[in-house]
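Single-structure report; data block below.
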Amino acid sequence: MPEFRNTFSGNPLDREAARRRDESWVTEQLDDPVAVFLPLRDLTFPMRHESEGMRLAWAPLPADADVEQYPPLLLGTNDGVARFAIDAAAAPDRFELPDDAAFMDLRAAAPVLDADDAGIAAQARSFLDWHQRHGYCAVCGEPTRHVQGGIYRKCTVCPAEHFPRTDPVVITVVIDTERDRCLLGRQASWPAGMFSALAGFIDHGESIEDAVRREVAEESGINAVNVRYHSSQPWPFPSSLMIGCHADAGSSDINYDEWEMDDVRWFTRPEILHSLEQPAAQLGEPGLPEGALSLPGPMAIAHTLITAWANGSV
9 MPEFRNTFSG
19 NPLDREAARR
29 RDESWVTEQL
39 DDPVAVFLPL
49 RDLTFPMRHE
59 SEGMRLAWAP
69 LPADADVEQY
79 PPLLLGTNDG
89 VARFAIDAAA
99 APDRFELPDD
109 AAFMDLRAAA
119 PVLDADDAGI
129 AAQARSFLDW
139 HQRHGYCAVC
149 GEPTRHVQGG
159 IYRKCTVCPA
169 EHFPRTDPVV
179 ITVVIDTERD
189 RCLLGRQASW
199 PAGMFSALAG
209 FIDHGESIED
219 AVRREVAEES
229 GINAVNVRYH
239 SSQPWPFPSS
249 LMIGCHADAG
259 SSDINYDEWE
269 MDDVRWFTRP
279 EILHSLEQPA
289 AQLGEPGLPE
299 GALSLPGPMA
309 IAHTLITAWA
319 NGSV
């Protein structure tokens, strides 16, 4: 794995793209006594405490699990062991989890969850959520069934095949190099004083660069130029891919969309560095020191993009 990785990236599992095409191989993995299962209860995860943080809690499949109504989804293999996600409703209260395991929300647990496990959890959450939402064919309306361990769904009547989707989102920190400042915005629903990078979904037939320019213009009135990619982050709430960018400012006068944004401002490097030094500034907590604003915490790619600029690494 690279030294730098955003939260939820770096999933260590082999997703077995080739071998899962063989349905009999998938069945063999399901029946293998060493296979392990991650039961999700309303999209929350069983986790346990370890000395270095939180880990996912895996379990064997109960013999009476209802795998017809709640088919296990093959996430992949690791060290020869097949790993599946499954709706905990398949066997309520009968998964043999460690005594210290408890179901936790992924968004809340991610900051202290093992990095590899966070990547697996992101896959599992998006995967199971998509299957729960797509039980019927979008072409003819008839029921669909999961295929190849859940890598896609197939209509039971017409020839249509349906594949899990990922929604691409551009998220951008715009830089005014001449005045040594960056552009951040906030939505009205956020905690008081919180600002973040500008972001929005990529439209159909739109490139990453075009989406950055459009979103920045729509949300701030600023002309973004020299768009450049920094890194990406899976965001499983429910299934987005955050595409992190920096761009230069081609203009300076802000004219933000009041329907979409509550405020958009320029912030100097000293202001950002001062805010990053305040623990509360990354948690949206009240009582921020004077002159500090609340910024996204390290779990979010927005934090990565803002910090990269503030530290002079872009």
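Take the sequence shown: its letters are residues 9 to 322, numbered as in our numbering.
Heads up, the beta-carbon is just placed ideally off N, CA and C, and yes, glycines get one too.
- Residue 220: not part of any beta strand (DSSP E); member of the alpha helix (DSSP H) spanning 216-228, first to last residue.
- With a threshold of 16 other beta carbon atoms within 10 Å, residue 103 meets it and is buried.
- Beyond the five residues adjoining it in sequence on each side, residue 173 comes within less than 8 Å, by CB distance, of 138, 247 in the same chain, given in chain order.
- For residue 238 against residue 322, the beta-carbon gap comes to about 7 Å, under 8 Å, which counts as contact.
- By the criterion of at least three beta-carbon pairs nearer than 8 Å, the region 16-27 is not in contact with the region 69-80.
- Distance check between residue 212 and each of 240, 198, 175 places 175 closest, using alpha-carbon atoms only.
- Closest by C-alpha distance to residue 197, out of 84, 271, 55, is 271.
- Taking the Cα positions, residue 170 is about 12 Å away from residue 156.
- Leaving aside the five residues that flank residue 244 on each side, the residues in its chain whose CB is nearer than 6 Å to its CB run, in chain order, 130, 133, 134.
- Only exposed fits residue 42, as fewer than 16 other CB atoms lie within 10 angstroms of its CB.
- Of 59, 307, 183, the smallest CA-CA separation from residue 13 is found for 307.
- Residue 233 places its beta carbon 7 Å or farther from that of residue 217.
- In this structure, residue 85 sits away from residue 30, with a CB-CB distance that is not shorter than 7 Å.
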